[in-house]
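For the sequence shown, our numbering begins at 1 and goes up steadily by one.
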Amino acid sequence: VRPGLVLWAKYDFWHHHLSSLQRARVPLFLISASFRVDQPFFRWFGGSWRRMLGLFTHLFVQDERSKELLEGVGVRNVTVSGDTRFDRVTAIVAEARALPIARAFRKASELPVVVAGSTWSADEELLAKAAQGRAVRLVAVPHEPVPEALERIEQAFPAPVVRWSFAEERMDTPAPAHMPPEQDPLHARTLLVDRMGLLANLYREGDLAYVGGGFTDGIHSILEAAAWGRPVIFGPRHRKFPEAAGLIAAGGGFEVRDANTLSATLHQLLDDPASLKAASQAAARFVRDHTGATDRVAGHLLRALSAQGLQEGH
Numbered sequence: 001v002r003p004g005l006v007l008w009a010k011y012d013f014w015h016h017h018l019s020s021l022q023r024a025r026v027p028l029f030l031i032s033a034s035f036r037v038d039q040p041f042f043r044w045f046g047g048s049w050r051r052m053l054g055l056f057t058h059l060f061v062q063d064e065r066s067k068e069l070l071e072g073v074g075v076r077n078v079t080v081s082g083d084t085r086f087d088r089v090t091a092i093v094a095e096a097r098a099l100p101i102a103r104a105f106r107k108a109s110e111l112p113v114v115v116a117g118s119t120w121s122a123d124e125e126l127l128a129k130a131a132q133g134r135a136v137r138l139v140a141v142p143h144e145p146v147p148e149a150l151e152r153i154e155q156a157f158p159a160p161v162v163r164w165s166f167a168e169e170r171m172d173t174p175a176p177a178h179m180p181p182e183q184d185p186l187h188a189r190t191l192l193v194d195r196m197g198l199l200a201n202l203y204r205e206g207d208l209a210y211v212g213g214g215f216t217d218g219i220h221s222i223l224e225a226a227a228w229g230r231p232v233i234f235g236p237r238h239r240k241f242p243e244a245a246g247l248i249a250a251g252g253g254f255e256v257r258d259a260n261t262l263s264a265t266l267h268q269l270l271d272d273p274a275s276l277k278a279a280s281q282a283a284a285r286f287v288r289d290h291t292g293a294t295d296r297v298a299g300h301l302l303r304a305l306s307a308q309g310l311q312e313g314h
């Protein structure tokens, strides 16, 4: 196989792959990259890492700081293009399909809804504590919907808890005449999602979002929620994710460190409609203002293909 060009995304740098591509004279482009001063590329012992940077035909980075770091070690073939993930989440919103169960759950009560996505046990412990005594409903989407995680959430989150799969079965069955609302599973306090692949579209049914991972190895995608114009709450481990600091600075992101700060943030947003509206607008604006990376990268790549005589018809 001899590719016309290779796109290398973000973070993983494999020397043997990169050097093989250079020896084969295959144009190699790094896209959506973000660099930090503490990475090996910029340390005294990072000579071999810096040599890998020299193997790229061109590097597209997310921000000016990354470009400055690269130029500081002699890498000049750099363009600040932004992050293509902003375009991806914007497309998800534009192409979203309806989720009748989530919509019915949302409409079953006037209480605010928090969508808790990609959660781990540490996130769930905080959410359970912060939700105690608060008039709020939850859509819980564990990162790994294995039996242990599902049972843990059923025990800890506000009751009654209904699983998505059960609600799905009930929606396919006509409800008994005159069934009291409290017996309708979609009137539950917590909707526990035991299905994969739904999260990006579920955020639309929440008033705000909590995204997990910030108390383990790092936050999961906060942009999926922000693209829907939902304020996003997350834990403190987000140093490797520049979009988190950007969303906080924009007013649409909120870092919490324990159950008390989570409870205070919920109070700030859910008990003050003006604050919730401002944060929602800030989240949507943050995503909107950072779109366009895909077109910028694509334009450069098309010019490179043309120069190589690799476009269709050559």
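Yeah, the Cβ is synthetic: ideal placement off N, Cα and C, and Gly gets one too.
Between residue 62 and residue 34, the CB-CB gap stays under 8 Å. It is roughly 16 Å from the alpha-carbon of residue 79 to the alpha-carbon of residue 27.
Per the Cβ contact rule, the region 156 to 167 is in contact with the region 191 to 204 (3 or more Cβ pairs under 8 Å).
Look at the region 11 to 59 and you find these whole runs of alpha helix (DSSP H), each 4 residues long or longer: 15 to 23 and 47 to 53. In the DSSP assignment, residue 65 falls within the unbroken alpha helix (DSSP H) covering 64 to 72. For residue 147, the enclosing alpha helix (DSSP H) has its first and last residue at 147 to 156. Note that the region 224 to 243 does not touch the region 142 to 155; fewer than 3 beta-carbon pairs, one per stretch, sit closer than 8 Å. The beta-bridge partner set that DSSP reports for residue 233 consists of 210 and 254. Counting the other Cβ atoms within 10 Å of the Cβ of residue 249 gives fewer than 16, which makes it exposed.
For residue 246, DSSP records no beta bridge to any residue. Boundaries of the beta strand (DSSP E) around residue 7: 6 to 9. The beta carbon of residue 258 is closer than 8 Å to those of 126 in its chain, skipping five residues each way along the sequence. Beta-bridge partners of residue 116 (DSSP): 140 and 210. In the DSSP annotation of this structure, the continuous segment of the beta strand (DSSP E) that includes residue 78 starts and ends at 78 to 80. For the set 265, 96, 42 and 284, the Cα lying nearest the Cα of residue 86 is the one of 284. Here residue 247 is buried, its C-beta having at least 16 other C-beta atoms within 10 Å.
Bounds of the beta strand (DSSP E) holding residue 190 are 190 to 192. Residue 41 is positioned such that its CB atom lies closer than 8 Å to that of residue 73.
Assigned with DSSP and collapsed to three states, residue 239 falls in coil, not helix or strand. Residue 95 is not a Cβ neighbour of residue 139, given a cutoff of 8 Å. Rounded to the nearest angstrom, the Cβ distance from residue 116 to residue 215 is 13 Å, too far for a contact under 8 Å. Taken through DSSP and simplified to helix, strand or coil, residue 163 comes out as strand.
Counting other Cβ atoms within 10 Å of its Cβ, residue 224 reaches 16 or more and is therefore classed as buried.
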